[in-house]
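Colleague:
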Amino acid sequence: MNPKDISKFLSLVLRHDPGKIGISLDENGWTDCRDLIASAGRHGIKFDYETLVEVVRSNDKQRFSLSDDGKHIRANQGHSVTVDLALEPQVPPAMLYHGTVTKFVESIRANGLCKGERHHVHLSADRVTASKVGERRGKPVILSIRATEMFAAGHSFYVSENGVWLTDAVPPEFIDFP
Ligand code: HQG
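Residue numbering for the sequence shown follows the working numbering, starting at 263 and increasing by one per position.
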C-alpha cells in the first residue's frame, strides 16, 4: 500500500471509525501501534512499523503524532469520534482564514461557520493553506476571520499539533466575505 493510501486509512481509523478494524482509542485519541498494525493486517491492509513511522514523518499535513516512546499514535485533529486532545487555549493572530466553496457561502453568511461532524471549525493561519482546503471541493472561496475581535468577544481558540487553528463556531459578524 502506498503512503498516501496508508495516510487515508489512518485518518479513517484514528479520526472517525476505529471500530472498523476493531481497535479503540484512549480518551486522548491514542492507540497502540502494534495493535493498529496487527488489526489492519487482519483486514488486508498490510504495513510494518517502519512504514508507519515514515508515513507519520513525511505526511504532507503532519496529520499524525507518535508518542515520545514511539509506541502510540494519534491523529492531530479532524476527529468525529469523541477524544480530548487536551489542547491549551491560545491567543490567535489578528486574522485567520477559511477556505470553502461558493455553494456554502449563503448559508455561512446566515449561520456563520459551523463545525458539522468535526469537533471544531478548522481555520488556517494563511490564505494559501485556506485555498488548498477550499480546493478539495471546487473553486476556493477564502473567508477572512477577524480572530482578535472574536477572541476579545470571549471565543476560545486552539492550535492542533500540526498548526490548524480551531474554534467552536464563527458567528457571521466576524467574517469578511470576498
Ligand atoms: C462548510 C482537511 C454551510 C465549510 C482540510 C466546509 C482541513 C458550512 C464544510 C480540515 C457552514 C465542512 C477541515 C455553514 C461550514 N453552512 N456550509 N453554516 N459552516 N461550512 O471537511 O474546514 O486533509 O468538515 O466551509 O485540509 O473543509 O482531513 O471542514 O466546506 O484542515 O487533514 O462545511 O480537513 O484536512 O467541511 O476541512 P469539513 P474543512 P485533512
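Just so you know, even glycine gets a beta-carbon here, dropped at the ideal spot from N, CA and C.
1) With a threshold of 6 Å, establish whether the CB of K323 neighbours any heavy atom of ligand 1.
2) Buried or exposed for N338, going by 16 or more other Cβ atoms inside 10 Å?
3) Under 7 Å, do V363 and G400 count as touching if we go by C-beta distance?
4) Once DSSP output is grouped into helix, strand and coil, what is the label at H417?
5) Would you decide whether R296 is buried or exposed? Buried here means 16 or more other CB atoms lie within 10 Å of its CB.
6) For M263, tell me which candidate among S301, D294, D279, V317 has the shortest Cα-Cα distance.
7) Is there contact between the stretch 364-376 and the stretch 305-313, where contact requires at least three CB pairs shorter than 8 Å?
8) Confirm the yes/no value for this check: CB of V395, any heavy atom of ligand 1, distance under 6 Å.
9) Beta carbon of S342, beta carbon of H382: below 7 Å?
10) Nearest to F309 by alpha carbon, out of D267, D438, F436?
11) What residue does the beta strand (DSSP E) around I335 start on, and which one ends it?
12) In this structure, does DSSP put L358 in helix, strand or coil?
13) Got a sec, what are the start and stop residues for the alpha helix (DSSP H) T364 sits in?
14) Please tell me whether W427 and L358 are closer than 7 Å, where the distance is taken between their beta carbons.
15) Between D346 and N290, how many whole angstroms is the CB-CB distance? I'm expecting something under 8 Å.
16) Which residues does DSSP pair with F326 in a beta bridge?
17) Straight-line CA distance for H334 to P280?
Modeller: Looking at the atomic coordinates:
1) On the sequence shown, position 61 is the one that residue 323 refers to. True, at least one ligand heavy atom lies under 6 Å from that Cβ.
2) In the sequence shown, residue 338 corresponds to position 76, counting from 1. It counts as buried.
3) The residue you call residue 363 lines up with position 101 of the sequence shown. The residue you call residue 400 lines up with position 138 of the sequence shown. The answer is yes: Cβ separation under 7 Å.
4) As a first step, residue 417 must be located in the sequence shown, where it is residue number 155. H417 falls in the coil class under three-state DSSP.
5) Counting from 1 along the sequence shown, the entry for residue 296 is found at position 34. Exposed: under 16 other Cβ atoms inside 10 Å.
6) The residue given as residue 263 occupies position 1 in the sequence shown. M263 has its Cα closest to that of V317, out of S301, D294, D279, V317.
7) no
8) Start at 1 with the first residue of the sequence shown, and residue 395 comes out as number 133. For ligand 1, at least one heavy atom lies less than 6 Å from the Cβ of V395.
9) Walking along the sequence shown from the start, residue 342 turns up at place 80. Walking along the sequence shown from the start, residue 382 turns up at place 120. No, the pair does not count as a contact, with Cβ atoms beyond the cut-off.
10) As a position in the sequence shown, residue 309 is number 47, starting the count at 1. Comparing Cα positions, the closest option is D267.
11) Taking the first residue of the sequence shown as position 1, residue 335 is located at position 73. Residues 334-337.
12) Residue numbering aside, residue 358 sits at position 96 when the sequence shown is read from its first letter. L358: strand per DSSP, three-state reduction.
13) Here residue 364 refers to the residue found at position 102 when the sequence shown is read from its first residue. 364-373 is the extent of the alpha helix (DSSP H) around T364.
14) Taking the first residue of the sequence shown as position 1, residue 427 is located at position 165. Taking the first residue of the sequence shown as position 1, residue 358 is located at position 96. Yes, these two residues count as a Cβ contact at 7 Å.
15) As a working note, residue 346 is residue 84 in the sequence shown. As a working note, residue 290 is residue 28 in the sequence shown. Rounded, the Cβ-Cβ distance is 6 Å, consistent with contact.
16) Position 64 of the sequence shown holds residue 326. F326 pairs with A337.
17) Translated into the one-based positions of the sequence shown, residue 334 becomes position 72. Translated into the one-based positions of the sequence shown, residue 280 becomes position 18. Taking the straight line from one Cα to the other gives about 14 Å.
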